[in-house]
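Report on the structure given below.
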Ligand code: HEM
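Residue numbers (UniProt numbering): 1 to 306.
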């Protein structure tokens, strides 16, 4: 995500001073913001507490550090921008600046931050659930491995071009995001006018939540919904009626194509190269931990080279 948005990546294995600075200025503050947002505060619901809550945020805003980091990045990108050869999303946003509703540099920085916020924890939580599902379902893991091995990649990486030839792996990835929904209530919307939906009257300005968890785990739509079973997505059965992990409508996830690609490349290459087990050989608890997204409680993974 960082490479896509600001053209940088963090090397976690051999951290340089620049990597450490990015972890300190960017990654840690983002994690703080997510756990803050996911915690739920009385000020979110009780109107009379809202002014106090805003004051508290002014004094204790964990996002200030990474806002500053992005303001600096905007200035650096202005300095190095080559309009005929934009390098990353921030360069593209700078080139489109005049078409933005509020064409300020602050808006450019804020949009870049939106992408980082919306794209990092969502993808990493999905990958955490993938590891958990593989530890707990060794037969399924093996079946996907056999499919990927049959591609005969001879030490080269699996790419998006291989996707049409790996239906079981594709189904496995879908099953991870159905069984373990990382955004169980999507993003909140509100009605812009009074509306009657299926005989229910909903007044203007009502907050609406899209209950994806209910859609994905309802016996009305899925056989044995709590079972992890990629077979349900085989034979081009994309279940687009009730399988909508990226939300619905004109404000659905803007990053869904990118996220699907990243998940495929990461998951397929990990499965091809490693057997995923837990260090003690036991199953891992799938109890959820609520942050901005839902992810599993931390657990240990052992990767055995294939
Ligand atoms: C597995 C990964 C991801 C999942 C499951 C996911 C899921 C979602 C969901 C459920 C929504 C709300 C849609 C609705 O209310 O109908 C959403 C919105 C959004 N997502 Fe994602 N997302 C993922 C990755 C990403 C990535 C990688 C990016 C950026 C590159 C991104 C950017 C956004 C943005 C900007 C919105 C708000 C769209 C709007 O309000 O118009 N997401 N996402």
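In this text, a Cβ means the ideal position worked out from N, Cα and C, and glycines have one as well.
Note that the coordinates shown come from a computational prediction; the quantities given were computed from them, not determined experimentally.
N-terminal and C-terminal residue of the beta strand (DSSP E) that residue i is part of
{"i": "residue 233", "result": "Neither: residue 233 is in no beta strand (DSSP E) and is coded neither H nor E."}
{"i": "residue 305", "result": "302 to 305"}
{"i": "residue 289", "result": "288 to 290"}
{"i": "residue 242", "result": "That residue, residue 242, is in no beta strand (DSSP E); it is neither H nor E in DSSP."}
{"i": "residue 299", "result": "Note, residue 299: premise wrong, no beta strand (DSSP E); not H, not E."}
{"i": "residue 200", "result": "200 to 202"}
heavy atom of the ligand HEM below 7 Å from residue i C-beta
{"i": "residue 267", "result": "no"}
{"i": "residue 114", "result": "yes"}
{"i": "residue 30", "result": "no"}
{"i": "residue 122", "result": "yes"}
{"i": "residue 70", "result": "no"}
{"i": "residue 109", "result": "no"}
{"i": "residue 253", "result": "yes"}
{"i": "residue 258", "result": "yes"}
{"i": "residue 263", "result": "yes"}
{"i": "residue 245", "result": "yes"}
{"i": "residue 133", "result": "no"}
{"i": "residue 328", "result": "Because the chain spans 1 through 306 in this model, residue 328 falls outside it and cannot be assessed."}
Cβ-Cβ separation, residue j to residue i (assumed contact under 8 Å), whole Å
{"i": "residue 115", "j": "residue 89", "result": "6 Å"}
{"i": "residue 215", "j": "residue 242", "result": "5 Å"}
{"i": "residue 62", "j": "residue 29", "result": "5 Å"}
{"i": "residue 307", "j": "residue 186", "result": "Absent from the structure is residue 307, since the part of the chain shown begins at 1 and ends at 306."}
{"i": "residue 304", "j": "residue 37", "result": "Contact doesn't hold; Cβ gap of about 37 Å is too wide."}
{"i": "residue 294", "j": "residue 124", "result": "Contact flag wrong, Cβ pair sits at about 12 Å."}
{"i": "residue 206", "j": "residue 193", "result": "Not really, about 10 Å apart at Cβ, beyond 8 Å."}
{"i": "residue 175", "j": "residue 228", "result": "6 Å"}
{"i": "residue 302", "j": "residue 277", "result": "5 Å"}
{"i": "residue 296", "j": "residue 128", "result": "6 Å"}
{"i": "residue 268", "j": "residue 148", "result": "6 Å"}
Start and end residues, alpha helix (DSSP H) containing residue i
{"i": "residue 295", "result": "That residue, residue 295, is in no alpha helix (DSSP H); its beta strand (DSSP E) goes 294 to 296."}
{"i": "residue 122", "result": "105 to 136"}
{"i": "residue 65", "result": "64 to 80"}
{"i": "residue 192", "result": "Counting along the chain, residue 192 falls outside any alpha helix (DSSP H), and DSSP gives it neither H nor E."}
{"i": "residue 59", "result": "50 to 59"}
{"i": "residue 5", "result": "2 to 6"}
{"i": "residue 270", "result": "256 to 273"}
{"i": "residue 226", "result": "Looking at the DSSP string, residue 226 is not in any alpha helix (DSSP H), and its letter there is neither H nor E."}
{"i": "residue 20", "result": "17 to 22"}
**Report entry** Length at least 3, wholly inside the stretch 135 to 187: the beta strand (DSSP E) runs in chain order
**Finding:** none
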